[in-house]
Amino acid sequence: MTHTANDYYVPHGSHWPIVAAIAMFMTVIGAALWFNGELNGRMVLFIGLGLIAFMMFGWFGTVIHENLQGMYNDQVDRSFRQGMMWFIFSEVMFFAAFFGALFYARVLSVPWLLGMDSGFTTHDVLWQGFNEAWPTNGPGDVGGEFEPMEAWGIPALNTLLLLSSGVTITLSHWALKVGDRGRCVLWLAATVLLGMTFLGFQAYEYIHAYTGMDLTLASGIYGSTFFMLTGFHGMHVTIGTVMLIVITLRAAKGHFTADNHFAFEGVAWYWHFVDVVWLGLFIFVYVL
Amino acid sequence: MWIRYLIIAIFSGILLSLASGLYYLVKDKGTTKRTVKALSFRISLSLGLFLLLMALIGLGVIRPHGLYPQRHPVTQPHDTR
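Sequence order for the protein chains is C and U. Counting from 1, one number per residue, gives the positions in the first sequence under my numbering. Counting from 1001, one number per residue, gives the positions in the second sequence under my numbering.
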């Protein structure tokens, strides 16, 4: 069937959604098994991650190919943008859950354990010896001994790195809007480099936390919220970096124009979102 | 305490400018500069907030909980109130 500008493009039967579902299932199950001490879990996790990489490569390729073939009209463009909106809504809810857990622990449950507000009986009857504010290893030392993560040093440096990447992606965006492909690609490449450096520092920070500070996922509510928030954020930076690499190559090939560049704008906005989430983390996890 | 409210107010401004960027992305379909302008405002505010935080920490106005690292103390004896 040929497509005209007025036809809505109906995608062909695609195997990528089922590949994505299997890949994500394996990744999550693998991670859960690994964290619960099942050694095969790590293997399942890595197979899942490999499948995700394979799926992203294949699915992105299909969409880019279809786009270049001129199969997408204005209506499809609208669908992409609405899809982006719903995707971001789910992302906001995702991070809201983890920030919510942090707020609940810091603002409600720890003060209750300390005997504030209506929680005085909890303190007096159950945890009389508990008198620690945030960061805490919990009543009864459930989190063991650990050192809380400093705001100075790597976290502050990583904040500066991500904010710089926000500046470079914005410069690239402006270059694209004025039709300067060279500078657009250059600033995109700089953004990729800054994203990778951020990830390298975060990996170093995690290794240091586990080996030098005894701060682990099992370090009570502080350790678990710290790793859940920063870990899932790191995962988003990884995905964002992969997408940035894709649009850098696409920009270099001349796939985008000043008025037609949804993929670029979608990835750029996503990168700004990841940047803002980090700023929230820096403020609420490390500083305040 | 007012410093906390100031930080949260600036952070809310950042969230608003980011959200407006998404709105223009969906609405304008790449034909205007409103998305890139909103995102430029967002990054400027973010840089400003970061510099403010660094200055406040440097001046000792706010003290991050992990700034002076020490081994996390084990539970101390009950504070008799």
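Glycine residues also receive a C-beta, built at the ideal position from the N, C-alpha and C atoms.
The beta carbon of U/GLY1021 falls within 9 Å of a beta carbon belonging to chain C, placing the residue at that interface. C/ASN67 carries a helical assignment under DSSP once its states are collapsed to helix, strand and coil.
Residue contact with chain C for U/VAL1026: present (Cβ-Cβ distance below 9 Å to some residue of chain C).
Note that the C-beta distance between C/ARG250 and U/LEU1025 is not below 9 Å.
Per the Cβ contact rule, the stretch 157 to 175 of chain C is in contact with the stretch 1033 to 1048 of chain U (3 or more Cβ pairs under 8 Å). Residue-level contact check: U/MET1054 touches chain C, since one or more beta carbons of chain C fall below 9 Å from its beta carbon. Look at C/HIS15 here: in three-state DSSP terms it is coil, with no helix or strand label. What U/LEU1018 touches in chain C, judged by beta-carbon distance under 7 Å, is HIS272, PHE273 and VAL276, going in chain order. Put simply, the CB of C/THR159 is near chain U, with a gap under 9 Å to one of its CB atoms. Within the stretch 71 to 102 of chain C, ASP74, ASP77, ARG78, ARG81, GLN82, MET84, MET85 and ILE88 place their CB atoms closer than 9 Å to a CB of chain U, listed in sequence order. Annotated three-state conformation of C/TYR270 is helix, per DSSP. Distances from the CA of C/ALA53 to each of C/GLY41, C/MET26 and C/HIS65 were compared; the closest alpha carbon is that of C/MET26. Under the three-state reduction of DSSP output, C/GLY129 falls in the coil class, being neither helix nor strand. Contact between C/GLY41 and C/LEU51 does not hold, since their C-beta atoms are separated by about 15 Å, which reaches or exceeds 8 Å. DSSP, read as helix, strand or coil, puts C/TRP134 in coil.
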